[in-house]
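S.K.: Questions regarding the structure given below will be posed in turn.
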Amino acid sequence: MSSTQDNKSLALQASKLQVPTSTSMPDNISLNKWEDTGFEWEGEVVPSSFERLVTVLNTEHEQSNILLNINLYRRNNVLHLAFTLTGEVWLTCQRCLQPVVIELTDDYNIALLDDESQIRLINEEQDYLLLEEIVTEQSPERLLPLKKLIEDEILLKTPMAPKHDDCEMSVEQFGEIPEEEETENPFAALASLKGNL
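Number 9 in numbering that gives the first Met the number 0 belongs to position 10 of the sequence shown; there are no gaps in the numbering.
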């Protein structure tokens with residue numbers, strides 16, 4: 000085995016030692032503890048565990064768990080929160096009022112900047128947040144609101160007025176619709192006058 004392979008296997012073993020073993024997704028990540036060493040978490044999350052998302056979920060359809068793979072790491076002196084969402088949620092169609100599925104599966108990578116001077120260190124297309132705006136200070140720790148950030152991305156992915164591509168609006172009619180009386184066109188009289196001039 001070459002020395003580079005030895006170094007790789009040692010690095011892999013070291014990174015596995017640093018990964019916290021938690022069965023449920025943490026609400027927050029301690030930046031004091033993990034921003035330099037990195038943080039990884041993988042598991043399933045129940046959609047109803049998100050406080051804001053639960054208000055728009057369809058209660059008539061069973062919700063499946065969302066698979067999450069989270070990685071907090073530092074590259075080029077910039078902290079990144081990368082995560083993969085795999086799954087879907089069921090909302091209520093605003094036309095027919097029946098359940099409609101919304102696909103959430105996507106990859107996300109958000110740069111977490113100490114200040115605006117770090118913007119030059121990331122790609123123009125990359126999403127970023129300023130740590131001072133999102134980190135909650137609970138002495139002696141700086142906490143990154145992980146669950147809230149992931150919920151924000153899920154809510155951005157869900158439409159404000161979800162609807163099926165091919166459904167009719169649910170309309171109930173009460174009573175009979177009165178027939179409109181035909182009214183005489185006011186321009187008809189002008190047309191007859193024009194012919195006489």
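Quick reminder that beta carbons are idealized off the backbone N, C-alpha and C, glycines included.
At a cut of 8 Å, does the segment 43-59 reach the segment 107-115 through at least three beta carbon pairs?
M.R.: At 8 Å Cβ cutoff, the stretches do not touch.
S.K.: Take E59 as the anchor and find which of N31, L90, N76, Y72 has the nearest alpha-carbon.
M.R.: The residue with the shortest Cα to Cα distance from E59 is L90.
S.K.: Could you tell me the alpha carbon to alpha carbon distance between A190 and E183, rounded to whole angstroms?
M.R.: Roughly 13 Å separates the two Cα atoms.
S.K.: With I101 as the anchor, note down where its beta strand (DSSP E) starts and where it stops.
M.R.: From DSSP, the beta strand (DSSP E) with I101 extends over 98-102.
S.K.: May I ask you to report which of helix, strand or coil DSSP gives E131?
M.R.: In this structure, E131 counts as helix in the three-state DSSP scheme.
S.K.: Can you look up S21 in the DSSP assignment and give me helix, strand or coil?
M.R.: In this predicted model, S21 has a pLDDT of only 45, less than 50, meaning its place in the structure is not dependable; the value taken from the coordinates is given anyway. Residue state, collapsed to three classes: coil.
S.K.: Could you tell me which residues DSSP puts in a beta bridge with T91?
M.R.: BP columns for T91 point to P98.
S.K.: Here's a check: name, in chain order, each residue in its chain whose Cβ is nearer than 8 Å to the Cβ of I101, leaving out the five neighbours to either side.
M.R.: Closer than 8 Å at the Cβ level, and outside the excluded window around I101, lie E87, V88, W89, L90, K156, T157, P158, P161.
S.K.: Near Q125, which residues of its chain fall below 6 Å by C-beta distance, leaving aside the five closest residues on each side in sequence?
M.R.: These residues qualify, in order along the chain: A110.
S.K.: Can you tell me where the beta strand (DSSP E) holding N108 begins and where it ends?
M.R.: Looking at the DSSP string, the run of the beta strand (DSSP E) that includes N108 is 105-112.
S.K.: Using only the alpha-carbon positions, how far apart do M77 and E136 sit?
M.R.: Met is not the amino acid found at residue 77; the sequence shown has Val there. Their Cα atoms are separated by approximately 20 Å.
S.K.: How far does the alpha helix (DSSP H) with I65 in it reach, from first residue to last?
M.R.: I65 -> not in any alpha helix (DSSP H); beta strand (DSSP E) instead, spanning 65-74.
S.K.: Which residues does DSSP list as the beta-bridge partners of E59?
M.R.: Its beta-bridge partners do not exist; DSSP assigns none.
S.K.: Count the other CB atoms within 10 Å of the CB of E150; is the residue buried (16 or more) or exposed (fewer)?
M.R.: When all chains shown are included, E150 counts as buried.
S.K.: Residues in its own chain within less than 7 Å of K193 by CB, not counting five upstream and five downstream?
M.R.: Excluding sequence neighbours, K193 sits near nothing in its chain.
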